[in-house]
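Residue numbers (the working numbering): 1 to 323.
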């Protein structure tokens, strides 16, 4: 009876997961400990009560996102679902780039001793915040737009939403005049047209020198992560965008092999990168939000450093993933 109530799981997928955990016990211990310490860092960052600065709000919000993404990657790797974990790891990489830029600007290289200064973070975080609010305004504008598939239930409801849009635009323009000017004047009628066409500059665009740019690729290059961007985005784009077929099957002459959904092929690379990026992000968050966690995070890295470095892919593995 219990077996009948149990949701279906792929038997071979579960077998792959068991074999993977047996083969890499220290890695799964490290994933669990970084997950635990991420949650603890987030708790420490938020336990002081209401946050009065924009940079504090942005720092905690993106730390929460990092902890959430890492928890998802961990669960996928534990189930030998390395392919979908790639998509989250790609998002984690973008998050790390932006978190690093918010904390340090475009300083490169950085180390544990690199300071993150509140007065320098605040204007960067304000831009990030205003950019986010403008995108949120566009989402609401789509509801009341003439092509909306789910319009308000009544003219009164539409009028209320439109008034909320105008009110928030006015509030943002008055509260963040410099940031609003950076992104450009906007009224309710322009919301969908401007933002959907990507007329908006990225919050970090003018930090990229000598030529300002809104692309994540340019941000990666400015922070010394060009190789990671170029290689990983090329290798991982098929998972995110449905491009190509070689991640899903192999052909040898007239024969074809369909890859198992629970194949662990990408496990080693994803685990190495996600642990490395999370270690850097958590240390940055500790310096930014809760310095009391720095010593514990240093101890965490030392405890699992050898297990993480043992995962570092060699040349043959990188070549295997070029397809």
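Every residue gets a Cβ at the ideal spot worked out from N, C-alpha and C, and that includes glycine.
Kindly indicate which three-state DSSP category residue i falls into: helix, strand or coil?
i	result
residue 249	strand
residue 255	strand
residue 290	coil
residue 8	coil
residue 272	helix
residue 219	helix
residue 116	coil
residue 43	helix
residue 80	coil
residue 264	coil
residue 284	helix
residue 101	helix
residue 68	helix
residue 14	helix
residue 32	helix
residue 242	coil
residue 27	helix
residue 96	helix
residue 206	helix
residue 311	coil
residue 200	coil
residue 123	helix
residue 213	coil
residue 136	helix
residue 110	coil
Roughly how many whole angstroms lie between the Cα atoms of residue i and residue j?
i	j	result
residue 298	residue 168	43 Å
residue 278	residue 66	8 Å
residue 251	residue 83	19 Å
residue 229	residue 217	7 Å
residue 131	residue 13	42 Å
residue 243	residue 295	43 Å
residue 324	residue 56	Any property of residue 324 remains undetermined from this structure, which presents the chain solely from 1 to 323.
residue 79	residue 283	28 Å
residue 171	residue 159	18 Å
residue 72	residue 85	8 Å
residue 39	residue 95	17 Å
residue 176	residue 69	30 Å
residue 304	residue 115	25 Å
residue 197	residue 25	With a pLDDT of 49 at residue 197, under the threshold of 50, the modelled position of that residue is not reliable, and no figure is offered here.
residue 11	residue 77	16 Å
residue 109	residue 253	47 Å
residue 154	residue 173	29 Å
Which residues in the same chain have their Cβ closer than 7 Å to the Cβ of residue i, if we skip the five residues on either side of it in sequence?
i	result
residue 213	205
residue 257	249 and 250
residue 54	122, 125, 126 and 129
In chain order, what residues of the same chain have a beta carbon less than 6 Å from the beta carbon of residue i, not counting five sequence neighbours either side?
i	result
residue 37	300
residue 179	126, 127 and 130
residue 106	207 and 222
residue 87	239 and 240
residue 311	268, 271 and 272
residue 183	200
Using a Cβ-Cβ cutoff of less than 8 Å, which residues in the same chain neighbour residue i once the five nearest sequence positions on both sides are dropped?
i	result
residue 16	80, 260, 262, 263 and 264
residue 120	105
residue 90	232, 233, 236, 239 and 240
residue 266	82, 83, 85, 86 and 321
residue 247	83, 238, 239, 259 and 323
Any heavy atom of the ligand ATP inside 6 Å of the beta-carbon of residue i?
i	result
residue 208	In the structure shown, the ligand ATP is absent, as is every other ligand, since no ligand is present at all.
Which ranges would you report for the alpha helix (DSSP H) in the segment 146-189 if only whole runs of at least 4 residues count? Entirely contained in the segment 146-189, the alpha helix (DSSP H) runs reaching 4 residues are, in chain order, 155-175 and 177-183.
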